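Asks: First residue of the sequence shown: 354, per this note's numbering; consecutive thereafter.
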Amino acid sequence: MRFSEAIKSGFKKCFLLEGRASRSEYWYWSLFVLLGSLLTAAGDVLILNDVELMPINLTFIAITLLPGLSVSVRRLHDVDKSGWWLLLVLSVVGIIPLLFWSVKQGDPENNRFGSTPDIHTGESRIVKIRNYTLAGIASLVYIALVIIYVLTEVGFLPSTKILKGDELPTYQYERLFNAGVVSNSDKIEFFYSESPESVVEAGQVLTDTHLIVYGPTAEGKKYIERIPVALVSHVEAQTDEESVVPIMYKVFLLPSADYEFVTIFLSNEGRVNEEFISRLTRMNN
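#1: With residue 586 as the anchor, note down where its beta strand (DSSP E) starts and where it stops.
#2: Just to confirm my understanding: we take residue 411, look at its own chain, exclude 5 residues before and 5 after, and list those with CB closer than 7 Å. What are they?
#3: Which residues in the same chain as residue 408 place their Cβ atom closer than 8 Å to its Cβ, once the five residues preceding and following it in sequence are excluded?
#4: Among residues of its own chain, excluding the 5 on either side of residue 417, which ones have a beta-carbon nearer than 6 Å to its beta-carbon?
#5: Could you have a look at residue 423 and say whether DSSP puts it in helix, strand or coil?
#6: What's the gap between the Cα of residue 625 and the Cα of residue 516?
#7: Expressed to the nearest angstrom, what Euclidean distance is found between the alpha-carbon atoms of residue 569 and residue 584?
#8: Is it buried or exposed, residue 533, if we count other Cβ atoms within 10 angstroms and call 16 or more buried?
#9: Give every residue of the same chain whose Cβ lies closer than 6 Å to the Cβ of residue 520, excluding the five residues on either side of it in the sequence, and list them in chain order.
#10: Can you name, in chain order, every residue of its own chain whose Cβ lies under 8 Å from the Cβ of residue 441, other than the five neighbours on each side?
#11: Counting only the same chain and skipping the five closest in sequence on each side, list residues whose C-beta sits under 6 Å from that of residue 359.
#12: Please state the DSSP three-state secondary structure of residue 546.
#13: Among 469, 375, 445, whose alpha-carbon lies nearest the alpha-carbon of residue 355?
#14: Alpha carbon to alpha carbon, how far is residue 391 from residue 459? Give it in angstroms, no decimals.
#15: Would you kindly check if the distance between the Cβ of residue 511 and the Cβ of residue 552 is under 8 Å?
#16: If contacts are defined as beta-carbon pairs under 8 Å, then residue 633 and residue 588 qualify, I think. What distance do you get, rounded to the angstrom?
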C-alpha cells in the first residue's frame, strides 16, 4: 500500500475495528500523522503565535485520533493479536511489545480476524528496511520524549515555565543553594530558568525581599545580582508579551540604586509571567 492509499484507507475505515491492516498501511499512516503534527504545530507557532492551546494542532489530532486507533487495532489483528493489547500503550514498558508487533510480518494466511490485507510473503528487502527504519525512528522519538518528561517531572531538567515557590523541586533548590544563587533566608515566590539544561546556568528568582538575576558574563564567568524589591520602580516589556519565546523585560530601579535597570527574561506559558511581574511591582507599594 502506498502513502496516499494508506491515508485514504485510514479515514475510510476510521470506524472499522474489524479486519486487518498491513505494515505498510500502519506505518504510512503513522508517517502521515507525524508529518501532520509537525506542520500543524508549526502553523500554531508561526501563524497564530500560540503555544498553549495550539488549536490547529489540536484539531488535526482530534481528526486523526479515531482513524489512528482503528488502524492500530487492525495492525494487531494482522499479527493475530487482540486489539485490547493496545492498552499496553498506557504503560512505558508496554510500548516495546507493541512496536515489535507493529513491525512484525502479518500472518500470510487468513486468521481469526479475517483475510490477509495484502501479500505478506516475498516482501522485498527495501520494504523490510523501510518498515524497520520507521519503527526505529518512532521508538527513538517515543523513548526520548519519555526520558525528557520523566527528567523534567522529577526536577533533573528545568521546566519551560515559571515555577511558583512551592512547585520548585528539592533537587533544583539544592542546586541553586549550592551555587550561591539563593540562601536559607530566602523565601522563594517565583523561579524561572532561562536554560533548558541546568537551573544554575541563567535565570530569575523572586523572593519575598529580593529579585535575584544570575547568568554568565561575556568572559564566561557567573554573575549573581541580588536586587532589593524596595528599589524597583516599574517594569516594562521590551518584546511582544504574546510571543512564543521568552519575553524580555526591563526592571527599572529607583535613583538610589547603582544602575538604572536590569533585564530579565520570562516565559509566558500559563500566564505566570503576569503574576511574577504583578508580584514584583506590588512588593514595593
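For every residue, glycine included, the Cβ atom is placed at its ideal position computed from N, Cα and C. Predicted model only: the values in this text are computed from it and were never measured.
Replies: Concretely, from the data shown:
#1: 585 to 590
#2: none
#3: 397, 401
#4: 386
#5: Three-state DSSP puts residue 423 in a helix.
#6: 8 Å
#7: Cα to Cα, the separation comes out at about 23 Å.
#8: With fewer than 16 neighbouring CB atoms inside 10 Å of its own CB, residue 533 falls in the exposed class.
#9: none
#10: Answer for residue 441: 447, 448, 450, 451, listed in chain order.
#11: 378, 381, 382
#12: Of the three classes helix, strand and coil, the one that applies to residue 546 here is strand, per DSSP.
#13: Residue 375 holds the alpha-carbon nearest to the alpha-carbon of residue 355 among 469, 375, 445.
#14: 30 Å
#15: yes
#16: 6 Å
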